[in-house]
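These protein sequence lines are chains A and B, in that order.
Residues in the first sequence are numbered consecutively from 1, following this note's numbering.
Residues in the second sequence are numbered consecutively from 409, following this note's numbering.
To keep things clear, I will list the structure first and then write my remarks on it.
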Amino acid sequence: MTRRVAVTGWGCVSGLGQGASESWRRISAGDGAIRSFALPRDDAASVRAQGPAAAIDSLDTGQIEARFGTRAVGKLDPMVTYAIVAATEAVEQAGLLGHPVLDDRTAILLGCGSGGNATFETGYRRLFERGLDKTHPQTIPNGMISAAASQVAMVLGVHGPAMVLASACASSAHAIGEALHMIRAGRVDVSIAGGSEACLTLGSWVAWNSLGAMASDTCRPFSVDRQGLVLGEGAAVLILEAWDHAVARGVAILGEVVGYGASSDAAHITAPDRGGIERAIHSAHADAGLSPETPVLISSHGTGTRLNDATEAAALHAVYGNALSGDTVIATKSAHGHLIGASGALEFLIGLMALREGLAPPVLNHLGTDPACDLPLALSQQRIDLAHVVSNSFAFGGLNAVLIGRRA
Amino acid sequence: MPPTREAITAIISEEARIDVEKLKPEETLVSLGIESLDVVSVLFAIEEKFGVEIPQEEIASTETLEQFVDVILARVASV
Chain A
1 MTRRVAVTGW GCVSGLGQGA SESWRRISAG DGAIRSFALP RDDAASVRAQ GPAAAIDSLD
61 TGQIEARFGT RAVGKLDPMV TYAIVAATEA VEQAGLLGHP VLDDRTAILL GCGSGGNATF
121 ETGYRRLFER GLDKTHPQTI PNGMISAAAS QVAMVLGVHG PAMVLASACA SSAHAIGEAL
181 HMIRAGRVDV SIAGGSEACL TLGSWVAWNS LGAMASDTCR PFSVDRQGLV LGEGAAVLIL
241 EAWDHAVARG VAILGEVVGY GASSDAAHIT APDRGGIERA IHSAHADAGL SPETPVLISS
301 HGTGTRLNDA TEAAALHAVY GNALSGDTVI ATKSAHGHLI GASGALEFLI GLMALREGLA
361 PPVLNHLGTD PACDLPLALS QQRIDLAHVV SNSFAFGGLN AVLIGRRA
Chain B
409 MPPTREAITA IISEEARIDV EKLKPEETLV SLGIESLDVV SVLFAIEEKF GVEIPQEEIA
469 STETLEQFVD VILARVASV
């Protein structure tokens, strides 16, 4: 029999704030985090780039420093600090801080799309801008894409398998999906799974902008006159735990992870492919044993780019057919922006909270229906009574991951 | 920032991520958990702030924090 996998903790930090409760309070009320933003940060006199973004303005690491010492969060890339903040919140909520299961029967699977942008850019500026011949000795250990897995393992004392998965905008959805199957396979009892990203740096920003993918106004998923994506930053982490293990501990079960489907378009390095998306959604339903006819909450990828949204909408119509009218579609990037490697985890977390609260957070900034994106969108805060969330993540390069969660 | 003992200690605190209050002169680098990566990070920051390059070998024989700071101060002050 397949091992059931519970969610027993969650934590996040994004432009919406620090902590799952605060993030839910804001997003459920339609209080989005996208604001005007300029780079470099804190240097209004020498602005090089500006536009909308969902940035993290402040981060309180006091509790973490008090618990684990200042060495836990000092001098790290923000990508790593965000991961520690979200993971600690999740592990604490699950009542697992200091629990023996962390020592040998726990995995860490975190997604990240790009690595330590700020750390590497600081090094490059020294080399190429100032003509210096040294970078900070900790440039590699702070900036390496796997640094978050290592630091979370050190802080929490996790000695099991730990790694960072990279699949661009689907990284953390892949991480949670693989964590689900790791627990099902009996390799571990607990997995700290999610992702983190800190890409609001000048180099990253300019590169995204050069691609023509960014909106100059705001993020308007599935709307007419949508221009593109808006970058965010942060981390989201869930505690996945073997159902029996969670029940035996008597911990509150917040939700269940029941399905995971992944596919590769093998088609184009940026353009989405309807066939690949459909394959991932079908695969997730098959894994969950859930008929596409069953009404669900769909936490869409919904980036707000012209092509992505239209392709996702077409794929949803193809997969769900007439049943789609009974589903409810949310697009939370309109509130927290695109967290690249951390998006999938944050959107799945918000989807599980929505099931639990019986409330769909509104799709923001919607100006009108695009005939190519005619979906049952929750355009205002909406009561729902749905048992399942299907959470979509479709990355550049055609790497797709779809998660299905169930209300506990 | 003048090259005072306090200034050097502040740099060690920042680079090694250890509270200043814990950086007592008689403590050893080992007891404070200051490892070689922390040492090269401190030397990097010293070079950055004072323009003085200190080879890692010069601090190899230092044991206590006071000796570590003394070596750095001597080199920084000699410029």
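Beta carbons are placed, not taken as given, at the ideal position from N, Cα and C, and that holds for glycine.
Note that the coordinates shown come from a computational prediction; the quantities given were computed from them, not determined experimentally.
The Cβ atoms of R125 of chain A and R226 of chain A do not sit closer than 8 Å to each other. Spatial neighbours of P362 of chain A in its own chain (CB-CB distance under 7 Å, excluding positions within 5 residues in sequence) are listed in chain order as G30, A378, L379, S380, Q381. Taking 8 Å as the cut-off, the Cβ atoms of T8 of chain A and I253 of chain A count as close.
8 Å or more divides the Cβ of G15 of chain A from the Cβ of A44 of chain A.
Taking one beta carbon from each stretch, the segment 68-87 of chain A and the segment 132-151 of chain A have 3 or more pairs nearer than 8 Å; the two touch.
Residues of chain B whose Cβ lies closer than 8 Å to the Cβ of P78 of chain A do not exist; the shortest such Cβ separation is about 15 Å.
Residue range 202-210 is occupied by the alpha helix (DSSP H) that includes N209 of chain A. Against chain A, the CB of V460 of chain B has no partner CB under 8 Å away; the residue lies outside that interface. For K134 of chain A, the closest C-alpha among the options B:E434, B:I416, B:G441, B:I454 is that of B:I454. Partner residues in a beta bridge of H136 of chain A, as assigned by DSSP, do not exist. Between A262 of chain A and S283 of chain A, the beta carbon gap of about 7 Å places them in contact (Cβ cut-off 8 Å). For I426 of chain B, the residues of chain A that pass the 8 Å Cβ criterion are T70, R71, in the order they occur in the chain.
Fully enclosed alpha helix (DSSP H) runs of no fewer than 4 residues occupy 62-68, 78-93, 101-104 of the segment 38-111 of chain A, in order along the chain. Taking 8 Å as the upper bound for CB-CB distance, A236 of chain A and A342 of chain A are in contact here, some 6 Å apart.
Nearest in C-alpha terms to V101 of chain A, of all of A:A246, A:R406, A:E347, is A:A246. Taking 7 Å as the cut-off between beta carbons, the residues of the segment 118-148 of chain A near chain B are K134, H136, P137, Q138, in sequence order. DSSP places F394 of chain A in the uninterrupted beta strand (DSSP E) bounded by 388-395.
When the alpha-carbon of I442 of chain B is set against those of B:E471, B:A415, B:K457, the nearest one is in B:E471. A distance below 8 Å separates the beta carbons of F222 of chain A and G302 of chain A. K432 of chain B and G69 of chain A have their C-alpha atoms roughly 17 Å apart. Contact between V155 of chain A and A72 of chain A is confirmed by a C-beta separation of about 5 Å, below the 8 Å threshold. Neighbours of E423 of chain B in chain A, taken as residues whose beta carbon is under 8 Å from its own, are K75 in chain order. DSSP, reduced to helix, strand and coil, places Q475 of chain B within a helical segment of the structure shown.
In chain order, V479, R483 place their CB closer than 8 Å to the CB of E466 of chain B, counting only its own chain and leaving out the 5 sequence neighbours on each side. A residue is called buried once 16 or more other Cβ atoms fall within 10 Å of its Cβ, and Q464 of chain B, having fewer, is exposed. Against chain A, a Cβ distance below 9 Å from S449 of chain B picks out K75, H136, P137, Q138. Pairing S393 of chain A with G405 of chain A gives a Cβ-Cβ distance that is not under 8 Å.
Put simply, the backbone Cα of Q93 of chain A is about 36 Å away from that of I419 of chain B. A distance below 6 Å between beta-carbons, with the five flanking residues on each side excluded, links W205 of chain A to the following residues of its chain, in chain order: L39, A49. Residue range 255-264 is occupied by the beta strand (DSSP E) that includes G259 of chain A. Here the alpha carbon of D77 of chain A sits roughly 37 Å from the alpha carbon of A315 of chain A. Secondary structure note for N400 of chain A: its beta strand (DSSP E) is the uninterrupted segment 399-407. By the Cβ criterion, the segment 157-169 of chain A is in contact with the segment 98-118 of chain A, since at least three pairs of Cβ atoms, one from each stretch, lie closer than 8 Å. Your pair F348 of chain A and A173 of chain A checks out as a contact, with CB atoms roughly 7 Å apart and the cut at 8 Å. Think of a sphere of 7 Å around the beta carbon of F452 of chain B: the chain A residues whose beta carbon falls inside it are K134, H136, P137, in chain order. Here T270 of chain A has F396 as same chain residues with Cβ atoms under 7 Å from its own Cβ, once five neighbours each way along the sequence are excluded.
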